[in-house]
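Numbering (numbering that gives the first Met the number 0), first residue to last: 0 to 542. A quick write-up on the structure given underneath.
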Amino acid sequence: MALFHPFSSSLLSPVTLSHKQLGGATQLVRVPLRPPLNAVPVRKIKCGAVADIKPAALDDEDEVLLVGPTSDQERRGERIVADYDWAEEWYPLYLTKDIPEDAPLGLTVFDKQLVLYRDANGVLQCYQDRCPHRLAKLSEGQLVDGRLECLYHGWQFEGAGKCVKIPQLPADAKIPRSACVKTYEARDSQGVVWVWMSHKTPPNPAKLPWFENFDRPGFQDTSTTHELPYDHSILLENLMDPAHVPISHDRTDWSAKREDAQPLRFEVTERTDRGFAGWWGNTTGQSASASSFLRFEAPCSLQNNREIVDDKTGEKHYFSGLFLCRPTGQGKSMLIVRFGGTKRSPLAKLFPKWYFHQNAGKVFEQDMGFLSSQNEILMKEKIPTKHLYLNLKSSDTWVAEYRKWMDKVGHGMPYHFGHSTISLPKEPAVVEHAPAGLVAGVSASLPAKGGIGTMHAPNLANRYFRHVVHCKDCRNVVKAFQAWKNALSAIAFASTALAILISGRQWKALLLVSAAVCSGGVYACSAAVALNTTNFIRTHRRL
């Protein structure tokens, strides 16, 4: 939810201020934009065009409540455009611990298809997910002696994308030099694999994100991965919106209660071409020392940090909520969530890791309906968010800051939804279909390798597909509970059959009790599997 506020029209017509590098210095260059347009009726925007549209005026009461201009340029109807190229950034691909050891992994960044795998030496390799032969997906292939093999015709690739085997070539023929795949730089940092998307500019190590708290002694975190059916910008603004938590996530855990919803206080302390940062907290019932520090950094990393000093020992403890978003494509995104700290609650130690993972899935499902419909409206309306959002100073400051940041850099993205600008996708979204037939059914037991059976067909509204297929821990838990369920079912059936056949009362009673206990275990295992794979549905929405 970004800013809804009028620009002053009394001084200048809108202009763009563009950053140019001259001998290491930054220069502001004014580039005239179109003349101001009336707010009503709103001009229609062609797909792919960038538009600047003047909003309707607000009354004095609204101006007090709503987020207003944050700079002199904005008050004069000007905007700053920063040098930005979306490809010259590091994007989070996957949690290192969840990368399959024996299969390639297909991933996307802004609809650019990639394949990631570990070679025979354990080195991460990242290629364009396209065989140069006939364009088959390499992520549908397999690993053979550490080489990536396309399963269409058996071409094999290794290292810097070099083709090392073509079964159909004559024995004395050399492999064509053009039979190679495009490579991308991938690096493992703090438990996350990142990819550099540019082929024009060498990877910039200075841009590789580094999170200080995650490198502190004693820091422990719980990390999960989720695929989500809405644009990455909608995901990020949802994550930087603390005001919705007490309402949307009421009683999801012990910290969210709808009666705690209240005006929030925000203080922006930093604005740069690469993001913004500042403090936020409650206006009542919370000391200033309990405030959290939020930082958003390009292209799509968000962190909430808090420091708490132990009253008894004076020891300082650090806590972080880290959200690493990857824009997978139009109307879809992938998120790595990492919550951790240098001190862990004793209560949290009582719960298994998979419980926190399924709870995270529940949180995203509680927001999914709102955010998917928001995505749909933005695409249909085709106008900047200042015409659609009413951002309150007491709840939506970060959202407004984010959409204004997109005004600065959106020209360097494939598409964007800014506060006062918008650039719609020029190409239609790619729709991938589920695998079908016997192979899909058999491969359902190996979801990390791309095989998803009919029970869990690719569907971003399905928790199994959104999270479990990406998480080794949860896959193993589901398999274990299913194995126990089958074993207990067999024991319950055998015990019941023996109880019918046997004549001794004591043995009959013992066998029936055993069957009852096993039946209870079957129910518990089924409930655990459902907890990990079934979507949360609000009570008033249940049939």
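Glycine included, every Cβ here is placed at the ideal spot set by N, Cα and C.
Spatial distance of residue i from residue j (CA atoms)
| i | j | result |
| --- | --- | --- |
| residue 131 | residue 141 | 16 Å |
| residue 469 | residue 280 | 33 Å |
| residue 191 | residue 63 | 43 Å |
| residue 109 | residue 295 | 19 Å |
| residue 355 | residue 471 | 14 Å |
| residue 178 | residue 126 | 13 Å |
| residue 36 | residue 198 | Unreliable positioning characterises residue 36 in this predicted model, as indicated by a pLDDT of 32, which lies under 50. A coordinate reading is not provided. |
| residue 325 | residue 335 | 8 Å |
| residue 361 | residue 476 | 17 Å |
| residue 419 | residue 406 | 7 Å |
| residue 162 | residue 129 | 13 Å |
| residue 328 | residue 380 | 19 Å |
| residue 143 | residue 159 | 16 Å |
| residue 276 | residue 311 | 31 Å |
| residue 66 | residue 369 | 22 Å |
| residue 71 | residue 80 | 15 Å |
| residue 557 | residue 346 | In the structure as shown, the chain begins at 0 and stops at 542. Residue 557 is therefore absent and cannot be evaluated. |
| residue 415 | residue 187 | 28 Å |
| residue 83 | residue 174 | 39 Å |
| residue 496 | residue 507 | 10 Å |
| residue 176 | residue 134 | 17 Å |
| residue 303 | residue 152 | 48 Å |
| residue 88 | residue 467 | 28 Å |
Close Cβ partners of residue i (< 8 Å) along its chain, the five nearest in sequence each way excluded
| i | result |
| --- | --- |
| residue 524 | 480, 481, 483, 484 and 487 |
| residue 537 | 365 |
| residue 314 | 308 |
| residue 316 | 306, 307, 308, 309, 340, 341 and 342 |
| residue 234 | 227, 324, 332, 334 and 370 |
| residue 522 | none |
Nonlocal neighbours in the same chain, by C-beta distance under 7 Å from residue i, ignoring five residues either side
| i | result |
| --- | --- |
| residue 118 | 124, 145 and 157 |
| residue 217 | 341 |
| residue 441 | With a pLDDT of 37 at residue 441, under the threshold of 50, the modelled position of this residue cannot be trusted, and the question is left open. |
| residue 260 | 245 and 246 |
| residue 23 | Residue placement at residue 23 cannot be trusted, given a pLDDT of 37 that sits under 50; what the coordinates show is reported in the next sentence. So no residue of the chain qualifies. |
| residue 404 | 274 and 275 |
| residue 252 | 358 |
Element boundaries [beta strand (DSSP E), containing residue i]
| i | result |
| --- | --- |
| residue 187 | 182-188 |
| residue 300 | 300-308 |
| residue 226 | 219-227 |
| residue 149 | Segment: none, residue 149 is in no beta strand (DSSP E) and carries neither H nor E. |
| residue 127 | 123-127 |
| residue 400 | No beta strand (DSSP E) holds residue 400; the alpha helix (DSSP H) holding it covers 396-408. |
| residue 164 | 161-164 |
| residue 276 | 274-281 |
| residue 73 | Element bounds for residue 73: not the beta strand (DSSP E) but the alpha helix (DSSP H), 71-74. |
| residue 111 | 111-117 |
| residue 79 | 77-80 |
| residue 319 | 315-328 |
| residue 495 | Careful: residue 495 lies outside any beta strand (DSSP E), inside the alpha helix (DSSP H) at 471-500. |
Terminal residues of the alpha helix (DSSP H) in which residue i lies
| i | result |
| --- | --- |
| residue 372 | 352-380 |
| residue 231 | 231-238 |
| residue 333 | Note, residue 333: premise wrong, no alpha helix (DSSP H); beta strand (DSSP E) at 331-340. |
| residue 263 | No alpha helix (DSSP H) contains residue 263, which is instead part of the beta strand (DSSP E) from 263-271. |
| residue 245 | 244-247 |
| residue 292 | Here residue 292 belongs to no alpha helix (DSSP H); instead the beta strand (DSSP E) covers 291-296. |
| residue 509 | 504-532 |
Beta-carbon contacts of residue i that lie in its chain and below 6 Å, excluding the five residues immediately before and after
| i | result |
| --- | --- |
| residue 262 | 282 and 393 |
| residue 164 | 155 |
| residue 412 | 85 |
| residue 208 | 300 |
| residue 323 | 91, 300 and 335 |
| residue 189 | 213 |
| residue 529 | none |
| residue 377 | 416 |
| residue 114 | 103, 105, 126, 128, 137 and 138 |
| residue 501 | 507 |
| residue 222 | 94 and 337 |
Nearest-angstrom beta carbon gap, residue j and residue i [assumed within contact, 8 Å]
| i | j | result |
| --- | --- | --- |
| residue 90 | residue 196 | 6 Å |
| residue 185 | residue 193 | 7 Å |
| residue 546 | residue 220 | Since the first residue of the chain shown is 0 and the last is 542, residue 546 is not available in this structure. |
| residue 534 | residue 474 | Not confirmed; about 18 Å, so no contact. |
| residue 150 | residue 103 | Not a contact, Cβ separation roughly 10 Å. |
CB contact below 9 Å: residue i versus chain B
| i | result |
| --- | --- |
| residue 178 | As a matter of chain content, chain B is missing from the structure shown, which is built from one protein chain. |
Near the ligand COA: residue i beta-carbon under 8 Å from a heavy atom
| i | result |
| --- | --- |
| residue 420 | With respect to the ligand COA, the structure offers nothing, as it holds no ligand at all. |
Problem set entry | Cβ contact (3+ pairs, closer than 8 Å) linking the segment 386-399 and the segment 352-371 | No contact exists between the segment 386-399 and the segment 352-371.
Exercise. Counting Cβ pairs, one atom from each stretch, are 3 or more of them under 8 Å apart for the segment 488-498 and the segment 506-518?
Worked result: Taking 8 Å as the limit for Cβ pairs, the verdict is that the segment 506-518 does touch the segment 488-498.
Problem set entry | Inter-stretch contact at 8 Å, needing at least 3 Cβ pairs: the segment 226-235 / the segment 262-273 | Flag = no, the segment 226-235 and the segment 262-273 do not touch.
Exercise. Hey, is the segment 234-243 in contact with the segment 395-413, meaning 3+ C-beta pairs nearer than 8 Å?
Worked result: Touching, yes, given that three or more Cβ pairs across the two stretches are closer than 8 Å.
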